[in-house]
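Asker: Can you keep this structure in mind? I'll have questions shortly.
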Amino acid sequence: MNSEKPQTLRRYLVAPGEVIEGLNENEGIYVFDYGGVRRATVLGLVEASQEEVNYIPLKGFYFPKEGDIVIGLVTSHGAANWFLDINSPYTGVLSVQDFFGVKQGGRVPDDPFSYLKIGDYVKAKIVAFDRTRDPVLTVQDKGLGRVVEGTVVTVKPVKVPRIIGKKGSMLETLRSSTGCDFFVAVNGRVHITCPNELLQEIAIMAIRMIEEQSHLAGLTRRIKEFIEEERKVRGV
Amino acid sequence: MSRVKQRPERFIDETGRRLDGRLPDEMRPVDIKVGVLSNADGSALVSYGKTKVIAAVYGPREPPQRFAILPDRASLFVRYHMAPFSTEERKSPAPTRREIELSKVVREALEPVVLSELFPRTAIEVYVEVLQSDGGTRTASVTAASAALADAGIPMKGLVAGVAVGKVDGVLVLDINEVEDNFGDADMPVAAAPDLGLITLFQLNGVMTIDEMQRGIDMALKAISYIVEKEKEALKGSIEVEAE
Numbered sequence: 001m002n003s004e005k006p007q008t009l010r011r012y013l014v015a016p017g018e019v020i021e022g023l024n025e026n027e028g029i030y031v032f033d034y035g036g037v038r039r040a041t042v043l044g045l046v047e048a049s050q051e052e053v054n055y056i057p058l059k060g061f062y063f064p065k066e067g068d069i070v071i072g073l074v075t076s077h078g079a080a081n082w083f084l085d086i087n088s089p090y091t092g093v094l095s096v097q098d099f100f101g102v103k104q105g106g107r108v109p110d111d112p113f114s115y116l117k118i119g120d121y122v123k124a125k126i127v128a129f130d131r132t133r134d135p136v137l138t139v140q141d142k143g144l145g146r147v148v149e150g151t152v153v154t155v156k157p158v159k160v161p162r163i164i165g166k167k168g169s170m171l172e173t174l175r176s177s178t179g180c181d182f183f184v185a186v187n188g189r190v191h192i193t194c195p196n197e198l199l200q201e202i203a204i205m206a207i208r209m210i211e212e213q214s215h216l217a218g219l220t221r222r223i224k225e226f227i228e229e230e231r232k233v234r235g236v
Numbered sequence: 001m002s003r004v005k006q007r008p009e010r011f012i013d014e015t016g017r018r019l020d021g022r023l024p025d026e027m028r029p030v031d032i033k034v035g036v037l038s039n040a041d042g043s044a045l046v047s048y049g050k051t052k053v054i055a056a057v058y059g060p061r062e063p064p065q066r067f068a069i070l071p072d073r074a075s076l077f078v079r080y081h082m083a084p085f086s087t088e089e090r091k092s093p094a095p096t097r098r099e100i101e102l103s104k105v106v107r108e109a110l111e112p113v114v115l116s117e118l119f120p121r122t123a124i125e126v127y128v129e130v131l132q133s134d135g136g137t138r139t140a141s142v143t144a145a146s147a148a149l150a151d152a153g154i155p156m157k158g159l160v161a162g163v164a165v166g167k168v169d170g171v172l173v174l175d176i177n178e179v180e181d182n183f184g185d186a187d188m189p190v191a192a193a194p195d196l197g198l199i200t201l202f203q204l205n206g207v208m209t210i211d212e213m214q215r216g217i218d219m220a221l222k223a224i225s226y227i228v229e230k231e232k233e234a235l236k237g238s239i240e241v242e243a244e
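Line by line, the protein sequences give chains A and B. In terms of this note's numbering, the first sequence has 135 at position 135, counting the first letter as 1, and numbering is strictly consecutive. In terms of this note's numbering, the second sequence has 118 at position 118, counting the first letter as 1, and numbering is strictly consecutive.
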């Protein structure tokens, strides 16, 4: 991760309330202006070089945003909705009407709740969220709907950028070295589809490793070595 | 064998040292650990000498009761509770009047720094359990709760810590223990966020002159800056950064 960066890079941790010197861009809820200086609101890592200062929050939550594609876990249902855990302080709501595409000419069957059960994962898009109501989800778009194959791993939402990597470099490493397909949802859920179970196990371990070591340098190289080593040991 | 503490004849000896050998402006050893509980989103274990307090934070999540929903911000719940084994004589585990009040006091000491308006309609729950009590549990609770909130990753304007200043034999003493609290002339708990220059808790039980109070606040603020540094150390120590 740092091989192409200048050697003057300084990395240090900041605790809530501490000043981040020289930070230009605003990092949303993780930065707070007080007395004209930018302060961290959560524990984070500052990477300072001569040209720029980067603040990487190490803790945080997924805050729903309209248009985001998330992977939700069905936890319960009401009379006409499913309630989905979207790894966020808020619960996602998916209506039966939307799931069967009534607006697109679909029909709601007699037993709609047998089509999507508690414990199922759903890939969905957030269509409405305005802080007064829970996020409303839709599955009426290409590639959305119930997750029928592969597995879903839940990670901390702040680790998502690291799993994707710079311009998708980490994801590319994962794809090419495991042969699995990865879909990373912004709410910290990774959908993994693998040719076989052994590769799937390796892929899950690699994701966990990225989550644990997300702030350490040279991770992409270590992940690549880890996957190669595991494949050798397991003979796949 | 009586285990109930007696009023000592004098609190400060000829050499100017207190009952436990500390100088008037000396704190008890402070120890802070974060991430001590795996089920909670954030946790902290704080000890001020023999006083030991553990805090666990959950959330932001859906409030357990509908009435607790606030339309514009997250509601902060704090439960301060003393374990039955925390005192010299068994304490009934039922919440007492004192504990209900201290829950409010600790909550109000945290509310100014928690950015609760970022998470409307949710609840942030803080459970503070006093494991061992030797005076200064409310201030230790504020410190533990603040460290646990930061460990949970809840956005905060700054870290808070608390310390009590007391008066014994007419002398101002920092971080009073149980005997100094029970038989002393005054007890003044203070909590503050030194990064923001904000006092978030201020109480006074007993009698002090205005001059004593001002000197007491200065002593407390100095100690609070030290405790907050300890908190930051503990938080940063929980993350391993590879040396390059």
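Every residue gets a Cβ at the ideal spot worked out from N, C-alpha and C, and that includes glycine. None of the values given here were measured: they were computed from a predicted structure.
Closer than 7 Å, CB to CB, is L137 (chain A) near chain B or not?
Answerer: Working through the first sequence from its first residue, we reach residue 137 (chain A) at position 137. No - not a single Cβ of chain B is within 7 Å of the one on L137 (chain A).
Asker: Can you find a C-beta in chain A that's less than 7 Å from the C-beta of D31 (chain B)?
Answerer: Taking the first residue of the second sequence as 1, we reach residue 31 (chain B) at position 31. D31 (chain B) does not count as touching chain A.
Asker: When the distance is taken between beta carbons, is T173 (chain A) closer than 7 Å to T220 (chain A)?
Answerer: Along the first sequence, one-based indexing puts residue 220 (chain A) at 220. Along the first sequence, one-based indexing puts residue 173 (chain A) at 173. For T220 (chain A) and T173 (chain A), yes; Cβs fall inside 7 Å.
Asker: Since I believe G158 (chain B) is in contact with P16 (chain A) (beta carbons under 8 Å), could you give me their beta-carbon distance rounded to a whole number of angstroms?
Answerer: Taking the first sequence and counting its residues from 1, one reaches residue 16 (chain A) at position 16. Taking the second sequence and counting its residues from 1, one reaches residue 158 (chain B) at position 158. Confirmed, Cβ separation roughly 6 Å.
Asker: Select from the region 114 to 135 of chain B all residues with a C-beta closer than 8 Å to any C-beta belonging to chain A, and list them in chain order.
Answerer: Listed by position, the residues of the region 114 to 135 of chain B near chain A (Cβ gap below 8 Å) are L115, L118, F119, P120, R121 and T122.
Asker: Please tell me whether I210 (chain A) has its Cβ less than 7 Å away from any Cβ of chain B.
Answerer: Along the first sequence, one-based indexing puts residue 210 (chain A) at 210. Taking Cβ atoms only, chain B never reaches closer than 7 Å to I210 (chain A), which makes this a no.
Asker: For the region 63 to 93 of chain A, list every residue whose C-beta sits within 7 Å of some C-beta in chain B, in sequence order.
Answerer: The residues in question are P89 and T91.
Asker: What are the residues that DSSP puts in a beta bridge with D187 (chain B)?
Answerer: The sequence position of residue 187 (chain B) within the second sequence is 187, counting from 1. Bridge partners of D187 (chain B): B:G166 and B:N205.
Asker: Output the boundary residues of the alpha helix (DSSP H) element that contains M219 (chain B).
Answerer: On the second sequence, residue 219 (chain B) is found 219 positions in, with the first residue counted as 1. First-last of the alpha helix (DSSP H) with M219 (chain B): I210 to G237.
Asker: Could you check which residue in A:F113, A:P112, A:Y90 and A:T151 has the C-alpha nearest to that of R121 (chain B)?
Answerer: On the second sequence, residue 121 (chain B) is found 121 positions in, with the first residue counted as 1. It is A:Y90 whose Cα lies nearest to the Cα of R121 (chain B).
Asker: Between the alpha carbons of I224 (chain B) and V19 (chain A), how many angstroms are there, rounded?
Answerer: The residue given as residue 224 (chain B) occupies position 224 in the second sequence. The residue given as residue 19 (chain A) occupies position 19 in the first sequence. Spanning the two alpha carbons is a distance of roughly 18 Å.
Asker: With a cut-off of 8 Å on the beta carbons, I'd call G60 (chain A) and P157 (chain A) a contact; round off their distance for me.
Answerer: Along the first sequence, one-based indexing puts residue 60 (chain A) at 60. Along the first sequence, one-based indexing puts residue 157 (chain A) at 157. G60 (chain A) to P157 (chain A), Cβ: 6 Å. Contact.
Asker: Just mark L235 (chain B) as buried or exposed, buried being the case when its beta carbon has 16 or more other beta carbons within 10 Å.
Answerer: For the purposes of this step, residue 235 (chain B) is identified with residue 235 of the second sequence, where counting begins at 1. With 16 or more other Cβ atoms within 10 Å, it is buried.
Asker: Distance, Cα to Cα, T41 (chain A) vs I29 (chain A)?
Answerer: As a working note, residue 41 (chain A) is residue 41 in the first sequence. As a working note, residue 29 (chain A) is residue 29 in the first sequence. Straight-line Cα distance between these residues: approximately 7 Å.
Asker: What does E111 (chain B) reach in chain A if we use C-beta pairs closer than 8 Å?
Answerer: Here residue 111 (chain B) refers to the residue found at position 111 of the second sequence. Simply none; closest approach about 15 Å.
Asker: Between M205 (chain A) and the rest of its own chain, which residues show a CB-CB distance below 8 Å, the 5 nearest in sequence each way excluded?
Answerer: Counting from 1 along the first sequence, the entry for residue 205 (chain A) is found at position 205. Only F226 and E230 meet the Cβ criterion.
Asker: To which residues of the same chain is L196 (chain B) closer than 8 Å at the C-beta, ignoring the five residues directly before and after it?
Answerer: For this step, residue 196 (chain B) is matched to residue 196 along the second sequence. The residues are V113, K157 and G158.
Asker: List the DSSP bridge partners of Q132 (chain B).
Answerer: For the purposes of this step, residue 132 (chain B) is taken as the residue at position 132 of the second sequence. For Q132 (chain B), which the question treats as bridged, DSSP gives the partners B:K52.
Asker: Given a cut-off of 7 Å on the beta-carbon distance, is the pair D175 (chain B) and V163 (chain B) in contact?
Answerer: Here residue 175 (chain B) refers to the residue found at position 175 when the second sequence is read from its first residue. Here residue 163 (chain B) refers to the residue found at position 163 when the second sequence is read from its first residue. Yes, Cβ-Cβ distance for D175 (chain B) and V163 (chain B) is below 7 Å.
Asker: Any idea what DSSP makes of S92 (chain B), helix, strand or coil?
Answerer: Here residue 92 (chain B) refers to the residue found at position 92 when the second sequence is read from its first residue. Coil, per DSSP.
Asker: With distance defined between alpha-carbon atoms, name the residue in B:P71, B:S75, B:A193 and B:A55 nearest to P64 (chain B).
Answerer: Locating residue 64 (chain B) in the second sequence gives position 64, where the first residue counts as 1. Of the candidates B:P71, B:S75, B:A193 and B:A55, the one whose C-alpha sits nearest the C-alpha of P64 (chain B) is B:S75.
Asker: Tell me the residue span of the alpha helix (DSSP H) that contains P161 (chain A).
Answerer: Numbered from its first residue, the first sequence carries residue 161 (chain A) at position 161. Residues V160 to I164.
Asker: Drop a sphere of 10 angstroms on the beta-carbon of V207 (chain B), count the other beta-carbons inside from all chains shown, and report buried for 16 or more, exposed for fewer.
Answerer: Stepping through the second sequence from its first residue, residue 207 (chain B) is reached at position 207. Counting Cβ neighbours within 10 Å, V207 (chain B) comes out exposed, since fewer than 16 surround it.
Asker: Let me make sure I understand the geometry here. Which of B:G170, B:K230, B:E231 and B:T143 has the alpha-carbon closest to that of P189 (chain B)?
Answerer: Counting from 1 along the second sequence, the entry for residue 189 (chain B) is found at position 189. Cα-wise, what sits closest to P189 (chain B) is B:T143.
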